[in-house]
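Inspection log for the structure reproduced underneath, given as structure tokens.
There are 2 protein chains.
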Amino acid sequence: MNENYLKYVGIMRKIMDVNASIAVLSWDQEVYMPEKGADARAQQVATLSGIGHELFVSDELGKVLAELGNDTSLSFEERKNVEETLHDYLEKKKYTTEFVIKMSETVSLSFQAWSKAKDADDFAMFAPALKKLVALKREECELLGYVGHPYNAMLDEHERGATVAELDVLFEDVKKQLIPFIKQVAEQKQNPSEFLFRHFDSKKQWAYGIELLNQMNYDFKAGRQDISSHPFTISFAATDVRVTTRVNENDFREMIWSCIHEGGHALYEQGLNDANYGLPAGEAISLGIHESQSRLWENNIGRSLPYWKCNYARLQEVFPENFGTVSLDEFYKAINVVEPSFIRTAADELTYHFHVIIRYEIEKALIEGTIEVEDLPRLWKEKYKEYLNIDVPSDQKGVLQDIHWSHGSFGYFPTYSLGSFYAAQFFAKASENIPNLEALIEAGNLKPLLEWLRSNIHQDGRLYTAEEICIRVTGEKLNFRYFMDYAKKKFATIYGL
Amino acid sequence: MNENYLKYVGIMRKIMDVNASIAVLSWDQEVYMPEKGADARAQQVATLSGIGHELFVSDELGKVLAELGNDTSLSFEERKNVEETLHDYLEKKKYTTEFVIKMSETVSLSFQAWSKAKDADDFAMFAPALKKLVALKREECELLGYVGHPYNAMLDEHERGATVAELDVLFEDVKKQLIPFIKQVAEQKQNPSEFLFRHFDSKKQWAYGIELLNQMNYDFKAGRQDISSHPFTISFAATDVRVTTRVNENDFREMIWSCIHEGGHALYEQGLNDANYGLPAGEAISLGIHESQSRLWENNIGRSLPYWKCNYARLQEVFPENFGTVSLDEFYKAINVVEPSFIRTAADELTYHFHVIIRYEIEKALIEGTIEVEDLPRLWKEKYKEYLNIDVPSDQKGVLQDIHWSHGSFGYFPTYSLGSFYAAQFFAKASENIPNLEALIEAGNLKPLLEWLRSNIHQDGRLYTAEEICIRVTGEKLNFRYFMDYAKKKFATIYGL
Chain A
241 MNENYLKYVG IMRKIMDVNA SIAVLSWDQE VYMPEKGADA RAQQVATLSG IGHELFVSDE
301 LGKVLAELGN DTSLSFEERK NVEETLHDYL EKKKYTTEFV IKMSETVSLS FQAWSKAKDA
361 DDFAMFAPAL KKLVALKREE CELLGYVGHP YNAMLDEHER GATVAELDVL FEDVKKQLIP
421 FIKQVAEQKQ NPSEFLFRHF DSKKQWAYGI ELLNQMNYDF KAGRQDISSH PFTISFAATD
481 VRVTTRVNEN DFREMIWSCI HEGGHALYEQ GLNDANYGLP AGEAISLGIH ESQSRLWENN
541 IGRSLPYWKC NYARLQEVFP ENFGTVSLDE FYKAINVVEP SFIRTAADEL TYHFHVIIRY
601 EIEKALIEGT IEVEDLPRLW KEKYKEYLNI DVPSDQKGVL QDIHWSHGSF GYFPTYSLGS
661 FYAAQFFAKA SENIPNLEAL IEAGNLKPLL EWLRSNIHQD GRLYTAEEIC IRVTGEKLNF
721 RYFMDYAKKK FATIYGL
Chain B
241 MNENYLKYVG IMRKIMDVNA SIAVLSWDQE VYMPEKGADA RAQQVATLSG IGHELFVSDE
301 LGKVLAELGN DTSLSFEERK NVEETLHDYL EKKKYTTEFV IKMSETVSLS FQAWSKAKDA
361 DDFAMFAPAL KKLVALKREE CELLGYVGHP YNAMLDEHER GATVAELDVL FEDVKKQLIP
421 FIKQVAEQKQ NPSEFLFRHF DSKKQWAYGI ELLNQMNYDF KAGRQDISSH PFTISFAATD
481 VRVTTRVNEN DFREMIWSCI HEGGHALYEQ GLNDANYGLP AGEAISLGIH ESQSRLWENN
541 IGRSLPYWKC NYARLQEVFP ENFGTVSLDE FYKAINVVEP SFIRTAADEL TYHFHVIIRY
601 EIEKALIEGT IEVEDLPRLW KEKYKEYLNI DVPSDQKGVL QDIHWSHGSF GYFPTYSLGS
661 FYAAQFFAKA SENIPNLEAL IEAGNLKPLL EWLRSNIHQD GRLYTAEEIC IRVTGEKLNF
721 RYFMDYAKKK FATIYGL
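From first to last, the protein sequence lines stand for chains A and B.
For any residue, its number in my numbering is found by taking its place in the first sequence, counting from 1, and adding 240.
For any residue, its number in my numbering is found by taking its place in the second sequence, counting from 1, and adding 240.
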């Protein structure tokens, strides 16, 4: 390795150490921090963020990147690392210090306003702060630059290369195919599921969730699970990737599928090459690809019949009072009920995507300025009526439900749907590549699938883009057909279509 | 406030944010980190330590301190902050980067060697690393500078102003008075205590420990307790001060008095003025004064008769199978058994100080070069025979028991005894100042004592030195007589002398 490259690696590892430290502070904040510690913690995170930012936009890094950019002796991986870092560097350099401070303050106020507004079920309490934030996000789009639609700048921050032009086509396709299919399902007799909402002891749920994570081959020596109010996955290094979950004693689904979902995210992070700590080759590709991993485990595995053929007897053993008289078939149908609902995070596999599309359409219009913040509650209700045929009863169960906008995260939601669609496409290919995958799952042997994901997706980090990895693994770009095929096959069987 | 002072405060807060972040990472490392995370964590801590050090020895801070040093407009508190910081700054500046790196590497190797040697019960495995470390510590003394004995440089790092000349006098006094008294006690019939070593359910112990912390007015909204292999207190801000403990199901004493001891440390940190975050006025005075707070709660309160008059009925309720037939008097005598033993952390209030004196004498001779590392096991055994009349059976139960030397902490141990002596002196004054203190303790009302400690000691941070605060509070310098009076009165009653 040449001296410049070693210098580059040294700077990147140092930045990663700072970012990992921020992650530890954030993790602690969500799971263990006592309430009075909040103000000091916010300041500590802000200071480290500033230090990390300064290190990243430093002339020292800029200089070494410029020199490495002309270095023809680099290996493929080295060159990719340098290119990706240069891309990130140039993006970060677009932000002036004043803008960063203003954004940080605005987000902080906006988050506080949202929390209060949500508790009070009153969008008007959030609107003024959100208005300022949207204005600033519009400014950010100009500052970042874009081709075509200004919202492309936001999308690119969350899913590199994603554009309005492509997403419009994709989501039109989703609507065209999913709406009639969901309608068809809705006309069928609904399967009973009330047994999922009886009382489930939280300690038993917890222990069972741990069993499922172990079965997925989540490495507890390189991670741990804790309780938080919103489940999340966080990585401090591939050797320390933590998940959180929450327990609802009256809804069996919440903890179990959040375990599996976050477990999927965590397997991706644990599967990154630790030797590339701090370098793009040691980082996840994009939010969409990240979500493909969590969704694949959550839905394609965790809500599948083979998975429960393997696990249901044990589940009955743990909760005999709830599942003793429920057959596997009844259980499987209950956990796959399709029904329009208000809350995105509790939605089924099919209606879920309309929650995303509604947010996408609103964000796009907000950023381009064809709607204003005041219009949101009304538009929200209209769209839920149009796409899901339900009447949203309140802002709390509507426009205020998600944290994202209050954090300034515009362009994030589409990655949730992209993740599901990538998951279906990857899973189809895995089923083709791994002999007897279904039988392996039925036997509780999930290792071959994990190894397939590791060697095809995880191990390369950001050496390939989302589109490139999709083509490398499946032979084609993202194609919604795979999701639709999967959904039709699965739910046609369940609903006897 | 003038502009320079505001600048100074800004820099100090930023440094504190970095140091607090290191503390969060260290806390996590001891209580929750999965094992594979260790290497990355060590690197993350090292990076933040480097950043913190650079910020502290920066010319920016040096310049503003120099200007403030000539500023006659500062208030008493502002001037003290600046003076204390200048002292710390000049100390830190004495270290060259090469020396810091070499020390960090040597400590790291030495700690690993010690861990293995302790497990294997073989001092020879630790000796070569310790030899290198001692050589480096001798070098550090020269680098720091000292008046009189070179070990004064080490003492000053842990207890500002402490010197060999003074400690020699103090410890001679301790020996002269404590040795005959312990001998007198040893000649009495020993009180039975075997009921402390039956089985105590760990969950019940935990819950009871939390009760005791609450009774002490430890603020759980500004802290929390967790389990670690060695109990400790750590602060991220006065609003987030955490304690840890450990549970031994076959030794009731371990968890209870570690809770009270760490609780005492934590009350000090929670009692610092949060408005002075990052400034000397918001920091603890010294290790000795810190230990005075933990010892006061652990011994003067936690091993006293009034305390257990208040708490024993509840304890019997929690552990009826162990204490149901044990009287308060029997319990009180059992928790105050005086008996020479091998392990410092498990020693009683009286013999404890010989554990400290032995280490002090060895450290002093090691640093001045009159003994060498090879001599340690032999000297250790000789001194335990001389002072405590016991035959140390192994290195594990002898010279290898403590982590301090492997960490390069020389000059630390004396602060443990100083803490006990300060505690006795402070407690004597508190008993004088607070009407009916004994009756308050018997009633479980520990708030007046805490308020006394807060207003007399905690709230001022480092505005006064250890000696100054001792004189301000008690009217005189540290005086061993208070400890001896306390000990004689207490143990003469217990042992019927």
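Glycine residues also receive a C-beta, built at the ideal position from the N, C-alpha and C atoms.
Note that the structure is a prediction, hence the values are computed from the model and not measured.
Tell me the start and end of each unbroken alpha helix (DSSP H) in the segment 684-716 of chain A that is at least 4 residues and wholly inside, in chain order. Counting only runs of 4 or more, we get 687-696 and 706-714.
Determine which residues share a DSSP beta bridge with B:I467 and list them. As a working note, residue 467 of chain B is residue 227 in the second sequence. The partner list for B:I467 (beta bridge, DSSP) reads B:T485.
DSSP three-state assignment for B:S526, whether helix, strand or coil: On the second sequence, position 286 is the one that residue 526 of chain B refers to. If DSSP states are grouped into helix, strand and coil, B:S526 belongs with coil.
is_contact[A:T484, chain B] using C-beta, thresh 8 Å: Counting from 1 along the first sequence, the entry for residue 484 of chain A is found at position 244. Output row for A:T484: interface = no.
Can you tell me whether DSSP reads A:A477 as helix, strand or coil? Position 237 of the first sequence, counting from 1, holds the residue named residue 477 of chain A. A:A477 sits in a strand when the DSSP states are folded into three classes.
Quick one: give me the first and last residue of the alpha helix (DSSP H) that B:V249 is part of. One-based indexing of the second sequence puts residue 249 of chain B at position 9. Looking at the DSSP string, the run of the alpha helix (DSSP H) that includes B:V249 is E243 to V271.
Checking contacts by CB at 8 Å: is B:T479 closer than that to chain A? To locate residue 479 of chain B, count along the second sequence from 1; it is residue 239. B:T479 counts as touching chain A.
Residues of chain A with a CB under 8 Å from the CB of B:Y517: which are they? Here residue 517 of chain B refers to the residue found at position 277 of the second sequence. In chain order: A280.
Between the Cα of A:I583 and those of A:S468, A:K573, A:F571 and A:V596, spot the shortest distance and give me the residue it belongs to. On the first sequence, residue 583 of chain A is found 343 positions in, with the first residue counted as 1. Checked all of A:S468, A:K573, A:F571 and A:V596; the closest Cα to A:I583 is A:V596.
Using three-state DSSP, classify B:N719 as helix, strand or coil. Looking up residue 719 of chain B in the second sequence gives position 479. In the structure shown, B:N719 sits in coil (DSSP, three-state: anything other than H, G, I, E or B).
Going by beta carbon distance, what residues of the same chain come within less than 6 Å of B:L680, once the five residues before and after it are set aside? Sequence index remark: in the second sequence, residue 680 of chain B carries index 440 (1-based). Excluding five sequence positions before and after B:L680, the CB atoms of its chain that fall closer than 6 Å to its own CB belong to P688, given in chain order.
At a CB-CB cut-off below 7 Å, which residues of chain B make contact with A:E275? Start at 1 with the first residue of the first sequence, and residue 275 of chain A comes out as number 35. Simply K461.
Touching or not, the segment 267-280 of chain B and the segment 456-471 of chain A, by the rule of three or more beta carbon pairs under 8 Å? Short answer: they touch.
Please report the residue range of the alpha helix (DSSP H) in which A:M198 lies. Nothing can be reported for residue 198 of chain A: it is not among the residues displayed for chain A, which extend from 241 to 737.
Same chain, Cβ closer than 7 Å to A:H439, five either side skipped, listed in chain order: Position 199 of the first sequence, counted from the start, is the residue given in the question as residue 439 of chain A. Closer than 7 Å at the Cβ level, and outside the excluded window around A:H439, lie E489 and N490.
Alpha helix (DSSP H) segments (min. 4 residues) lying fully within the segment 426-459 of chain B: Counting only runs of 4 or more, we get 442-455.
Using a Cβ cut-off of 7 Å, pull out every chain B residue sitting near A:V264, in sequence order please. To locate residue 264 of chain A, count along the first sequence from 1; it is residue 24. Neighbours of A:V264 across chain B, judged by C-beta separation under 7 Å: V264, L265 and D268.
Inter-stretch contact (C-beta, 8 Å, three-pair minimum) for the segment 467-480 of chain A and the segment 416-425 of chain A: By the Cβ test, the segment 467-480 of chain A is not in contact with the segment 416-425 of chain A, since fewer than three Cβ pairs between them sit closer than 8 Å.
What is the rounded straight-line gap between the Cα of A:A727 and the Cα of A:K625? Here residue 727 of chain A refers to the residue found at position 487 when the first sequence is read from its first residue. Here residue 625 of chain A refers to the residue found at position 385 when the first sequence is read from its first residue. Spanning the two alpha carbons is a distance of roughly 23 Å.
To the nearest angstrom, report how far apart A:K604 and B:A478 are at their CA atoms. Within the first sequence, residue 604 of chain A is the residue found at index 364, counting from 1. Within the second sequence, residue 478 of chain B is the residue found at index 238, counting from 1. If you take the alpha carbons of A:K604 and B:A478, they lie about 45 Å apart.
Under 8 Å between C-beta atoms of B:G542 and B:H698: To locate residue 542 of chain B, count along the second sequence from 1; it is residue 302. To locate residue 698 of chain B, count along the second sequence from 1; it is residue 458. No, the Cβ-Cβ distance between B:G542 and B:H698 is not below 8 Å.
Inspect the beta-carbon positions of A:D359 and A:D635 and report whether they are closer than 8 Å. On the first sequence, position 119 is the one that residue 359 of chain A refers to. On the first sequence, position 395 is the one that residue 635 of chain A refers to. Inclusion of A:D359 and A:D635 in the CB contact set at 8 Å is not warranted, their separation being larger than that value.
Members of the segment 245-261 of chain B near chain A, C-beta cut-off 8 Å: Residues of the segment 245-261 of chain B with a Cβ closer than 8 Å to any Cβ of chain A, in chain order: R253, K254, D257, V258, A260 and S261.
Cβ of A:K637 within 8 Å of Cβ of A:E601? Position 397 of the first sequence holds residue 637 of chain A. Position 361 of the first sequence holds residue 601 of chain A. Cβ atoms of A:K637 and A:E601: not closer than 8 Å.
Span of the alpha helix (DSSP H), counted from its first residue to its last, around B:L628: Here residue 628 of chain B corresponds to residue number 388 of the second sequence, with the count starting at 1. Where B:L628 is concerned, the enclosing alpha helix (DSSP H) starts and stops at L616 to L628.
Below 8 Å, can you find three or more Cβ-Cβ pairs linking the segment 506-520 of chain B to the segment 645-656 of chain B? Contact check between the segment 506-520 of chain B and the segment 645-656 of chain B: fewer than three CB pairs, one atom from each, fall below 8 Å, which does not count as touching.
Exposed or buried, B:Q533, counting other C-beta atoms within 10 Å across all chains shown (16 or more means buried)? Taking the first residue of the second sequence as position 1, residue 533 of chain B is located at position 293. The C-beta of B:Q533 has 16 or more other C-beta atoms within 10 Å across all chains shown, which makes the residue buried.
Within 9 Å of chain A by C-beta, residues of the segment 432-465 of chain B in sequence order: Those residues of the segment 432-465 of chain B that come within reach of chain A (Cβ to Cβ, closer than 9 Å) are D459, F460, K461, A462, G463 and R464.
Should A:I291 be flagged as near chain B, meaning a C-beta pair shorter than 8 Å? Position 51 of the first sequence, counted from the first residue, corresponds to residue 291 of chain A. Interface residue (Cβ-Cβ distance to chain B less than 8 Å): A:I291 is classified as such.
What residue range is occupied by the uninterrupted alpha helix (DSSP H) comprising A:H647? Here residue 647 of chain A is taken as the residue at index 407 of the first sequence, counted from 1. Premise fails: A:H647 is in no alpha helix (DSSP H) and is neither H nor E.
B:D362 beta carbon near the ligand ATP (any heavy atom closer than 7 Å): As presented, the structure is devoid of all ligands, the ligand ATP included, so that no description of it is given.
A:Q428: contacting residues in chain B (beta-carbon distance under 7 Å): Sequence index remark: in the first sequence, residue 428 of chain A carries index 188 (1-based). Result: empty, since nearest Cβ-Cβ is about 46 Å, beyond 7 Å.
Classify A:R543 as helix, strand or coil using the three-state DSSP reduction. Sequence index remark: in the first sequence, residue 543 of chain A carries index 303 (1-based). Three-state DSSP puts A:R543 in coil, outside helix and strand.
Considering only residues of the same chain and omitting the five flanking positions on each side of B:R281, which have a CB-CB separation below 7 Å? For the purposes of this step, residue 281 of chain B is taken as the residue at position 41 of the second sequence. These residues qualify, in order along the chain: L265, Q269 and M273.
Sub-8 Å separation of A:L718 and A:C710 beta-carbons: Mapped onto the first sequence, residue 718 of chain A falls at position 478. Mapped onto the first sequence, residue 710 of chain A falls at position 470. In this structure, A:C710 lies closer than 8 Å to A:L718 by Cβ.
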